[in-house]
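In the numbering used here, the protein residues as written are 317 to 422.
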């Protein structure tokens, strides 16, 4: 399986477990996970730590939501002049949503 598939399965299992544990309907959990960017954070955790047990993932999810994590906003400077952002030119390399994702030059 790919990392993407692993993370998707992990996210679904985390949603189901969170809904059952907190007696919430699935739609409420999906909305909460989106608001707190749990999906993206699970993906990053999985990419960096690889061999994380499900219990650790759920502890992390509870911590994210308990701390009422704010939206993740990333600003990137550029040396090029532009007047507006054209989302048509954006790529969705890691399923973080539409936008521009960059890394520093090496």
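Backbone N, C-alpha and C fix where the C-beta goes; we use that ideal spot for every residue, glycine too.
Using only CA atoms, which one of 319, 337, 324 lies nearest to residue 378? Here the question's residue 378 lines up with position 62 in the chain shown. Nearest C-alpha to residue 378: 337.
DSSP state of residue 365, grouped into three classes? Along the chain shown, one-based indexing puts residue 365 at 49. Helix, per DSSP.
Looking at residue 329: is its Cβ nearer than 8 Å to the Cβ of residue 370? If you number the chain shown from 1, residue 329 lands on position 13. If you number the chain shown from 1, residue 370 lands on position 54. Yes, the pair counts as a contact, with Cβ atoms nearer than the cut-off.
Classify residue 348 as helix, strand or coil using the three-state DSSP reduction. By one-based count along the chain shown, residue 348 stands at place 32. Reduced to three states, the DSSP call for residue 348 is helix.
Terminal residues of the alpha helix (DSSP H) in which residue 353 lies: Taking the chain shown and counting its residues from 1, one reaches residue 353 at position 37. It is not in any alpha helix (DSSP H) - residue 353 carries neither H nor E in the DSSP assignment.
Any idea if residue 334 is buried or exposed, counting beta-carbon neighbours within 10 angstroms, 16 or more meaning buried? Here the question's residue 334 lines up with position 18 in the chain shown. With 16 or more Cβ atoms within 10 Å of its Cβ, residue 334 is classed as buried.
For residue 382 and residue 376, the rounded distance between their alpha carbons: In the chain shown, counting from the first residue as 1, residue 376 sits at position 60. In the chain shown, counting from the first residue as 1, residue 382 sits at position 66. For residue 376 and residue 382, the distance between alpha carbons rounds to 10 Å.
Would you decide whether residue 358 is buried or exposed? Buried here means 16 or more other CB atoms lie within 10 Å of its CB. Position 42 of the chain shown holds residue 358. Result: buried.
Under the rule that 16 or more other beta-carbon atoms within 10 Å means buried, what is residue 327, buried or exposed? Here residue 327 refers to the residue found at position 11 when the chain shown is read from its first residue. Classification for residue 327: buried.
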